[in-house]
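Sequential numbering from 253 applies to the sequence shown in my numbering. Inspection log for the structure reproduced underneath, given as structure tokens.
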Amino acid sequence: MTDLTEKALRRLGERLPGRVSRPGHGRYRTATALWAKPTGAMPQAVVHCRTAVDVQAAIDTARRAGLPLSVRGGGHDWAGRALCDGLVLDLADMRDVIISPDRRSALAGGGARIADVLVATDRLGLVAATGSCSGVGMAGLTLGGGYGTLIGRFGLALDNLIAADVVLADGSAVTADALRERELFWALCGGGGNFGVVTALRFRVHELPSITSGMLIFPFAEAKSVLQRYADILPSLPAEFTLELGLLAGPDGMPVIFLLPTWCGAPGKGDALIARLLEFGTALDSTVARRRYGELVASLDRHISYGQRVFMESCWLAEFNDAGVDALVEAMANAASPGCAILTHQFKGAATEVPLGATAFGLRRNHLLVELLASYPDRSDPTEDERHRQWLRSATQAFAAHALPGAYPNFLPHGDVTRATLAFGSNADRLIAAKRKYDPDNLFRSAIPLPRSAAIKAAD
Ligand SMILES: Cc1cc2nc3c(=O)[nH]c(=O)nc-3n(C[C@H](O)[C@H](O)[C@H](O)COP(=O)(O)OP(=O)(O)OC[C@H]3O[C@@H](n4cnc5c(N)ncnc54)[C@H](O)[C@@H]3O)c2cc1C
């Protein structure tokens, strides 16, 4: 570290007393512990921001000292983009969620997690369109997309964004919505954390006192027939019914297949469809019940491991057919370890009704997001790395012939501008123009990859 950097960090510490931590501090350790074990260089300091003014001070310091900067929301980005080797802006102290008096929207701090949102909505019989893991940051989820079990009725998380308070690269604080900073608002809806630090976001919430949802678990020996039935039933499911699935290691380490049906229409009307799923095979367990949406998300958390070495891939399938069935079964039969899993998310209904150019998100047709995960307990082992990477490569390859171009931007690896260009499709040029306008020096480069010519400076 140069004297200049040291001086700048010391001055920042004086400006924000008690809010700057350095390696060895407890708060530094908490902020730099992510869902996936970090493997890159660690930050020189973490700024524990409480307000937009703190964010402005941190940006000012990073710019003056020429330090790389990154934003830590929920810490669930698999590629560790919350961290960099300069200054990390930790938003964990900005997690308040306030429901509007008319109960139609929520205002959340830039560091609010899905859990924070659902605690606020559940007790009022409301829901927000979120993903399925409590610890994920609401901003990180929303800026990149936001698939979830309510997607058919309420769209992606980003389709529900109403406004965002943002601190830009030049330190100015703006509000972006349909009327103010419209181009920024458009870019935030899918372009990830590439445009500024979101210090607060307002999004729609919806009346929905209960859903019917839970996990149905079948033995892996029945995977092929369960998957075939899954493929058959998918196209006929109504918008209020999503059916996610996963193949992962069960409690004894052997793979199992689970279905996650979610009915979010009128109570009771989805029961017959759920009963049909029970006939897919020999259900080993069922947790399907009528419950609050937040209870469902909380119940899924026990299947999530933290601090592992993680590699991830994803692809978009226009339809799920026999080839997809075979690819899934084959991949799990050859899993490198019990840390390998494959999950699907549906994209349908309300999410497909949003015009393609209305937000930066580049794919608006019905599709299935396939998420492939290879993880193993944290220890540095190049052989294990390679084994898991190899499994991921061949499992992903098996889907390649049937996949749509691109992949879910929130899951793309560092610097994958080629697939980012395909993923944003016809929205790519407009996104590049927004990047040039709002962050011409690419200060916010520790974020999901942007299309090719937007990579103004190398991402890593
Ligand atoms: C277990 C697990 C479950 C998941 N489930 C889903 C799911 O159901 N649906 C889905 O769509 N995705 C899901 N994801 C993916 C997740 O949405 C993305 O990884 C998301 O980026 C995580 O956000 P975060 O704030 O937790 O991450 P962080 O690692 O804290 O941040 C990642 C990046 O997001 C940006 N960012 C975060 N907060 C801000 C902010 N306030 N302002 C500006 N930029 C910001 C920054 O670029 C940052 O580098 C899941 C991931 C995991 C690990």
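Where is the CB? At the ideal position from N, CA and C, for every residue including glycine. It should be emphasised that the depicted structure is a prediction, and the values quoted were computed from it without experimental measurement.
By Cβ distance below 6 Å, which residues in the same chain neighbour residue i in space, the five residues on each side in sequence not counted?
i: G522; result: T464, F493 and W515
i: V272; result: L264, G265, A297 and V299
i: A579; result: A650 and F651
i: L595; result: G498 and E623
i: R481; result: F532
i: V450; result: G362, A391, A416 and V418
Quick one: Cα of residue i to Cα of residue j, how far?
i: R434; j: G591; result: 42 Å
i: L695; j: R267; result: 22 Å
i: V426; j: G445; result: 15 Å
i: A541; j: T534; result: 18 Å
i: R333; j: Y399; result: 20 Å
i: R641; j: I526; result: 36 Å
i: D312; j: D422; result: 8 Å
i: R554; j: R616; result: 32 Å
i: L393; j: F563; result: 19 Å
i: V713; j: F472; result: For residue 713 there is no data in the structure shown, the boundaries of the chain being 253 and 712.
i: A248; j: L625; result: Nothing can be reported for residue 248: it is not among the residues displayed for the chain, which extend from 253 to 712.
i: R697; j: T604; result: 29 Å
i: K495; j: W330; result: Lys is not the amino acid found at residue 495; the sequence shown has Leu there. Cα to Cα, L495 sits roughly 24 Å from W330.
i: G397; j: A317; result: 33 Å
i: I708; j: Y690; result: The predicted position of I708 is uncertain, since its pLDDT is 43 and thus under 50; a value taken from the coordinates is nonetheless stated next. Each residue's Cα considered, the two are about 12 Å apart.
i: Q308; j: A452; result: 14 Å
i: I403; j: T257; result: 45 Å
i: V379; j: A518; result: 15 Å
i: P242; j: P275; result: This structure cannot speak to residue 242, because the chain is shown only from 253 to 712.
i: R631; j: R639; result: 14 Å
Give me whichever residues DSSP pairs with residue i in a beta bridge.
i: R324; result: D342
i: W515; result: T464 and F493
i: M506; result: Partner(s): none; M506 has no beta bridge.
i: Q560; result: A288
i: A541; result: S465
i: H300; result: D342
i: S357; result: R456
i: G362; result: None; G362 has no bridge partner.
i: I350; result: L359
i: A416; result: A428 and L453
i: H654; result: For H654, which the question treats as bridged, DSSP gives no partner whatsoever.
i: G609; result: Answer by DSSP bridge pairing: none, since G609 is not bridged.
So, at 7 Å on beta carbons, what are the nonlocal neighbours of residue i in its own chain, with the 5 sequence-adjacent residues on each side left out?
i: L376; result: I351 and R355
i: F199; result: The requested residue 199 does not occur in the structure, where the chain is confined to residues 253 to 712.
i: D306; result: L268, R271 and V299
i: P629; result: Q560
i: V577; result: K476, L479, Q480 and A483
i: V606; result: G407, D411 and R616
i: A659; result: S566, C567, W568, R671 and A675
On the three-state DSSP scale, how would you describe residue i?
i: A372; result: helix
i: S488; result: helix
i: Y482; result: helix
i: G278; result: helix
i: P471; result: strand
i: V272; result: strand
i: S627; result: strand
i: S477; result: helix
i: G522; result: coil
i: D329; result: coil
i: L621; result: strand
i: E565; result: strand
i: G404; result: helix
i: H597; result: strand
i: L664; result: coil
i: L319; result: coil
i: L378; result: strand
Kindly list the residues whose CB is nearer than 8 Å to the CB of residue i, restricted to its own chain and excluding five residues on each side of it in sequence; keep chain order.
i: L530; result: L468 and S538
i: N573; result: A483 and H654
i: S678; result: L608, G609 and G614
i: F470; result: V478, V508, I509, F510, L511, F532, G533, T534, A535 and L536
Is the beta carbon of residue i within less than 8 Å of some heavy atom of ligand 3?
i: V449; result: No copy of ligand 3 appears in this structure; the ligands present are ligand 1.
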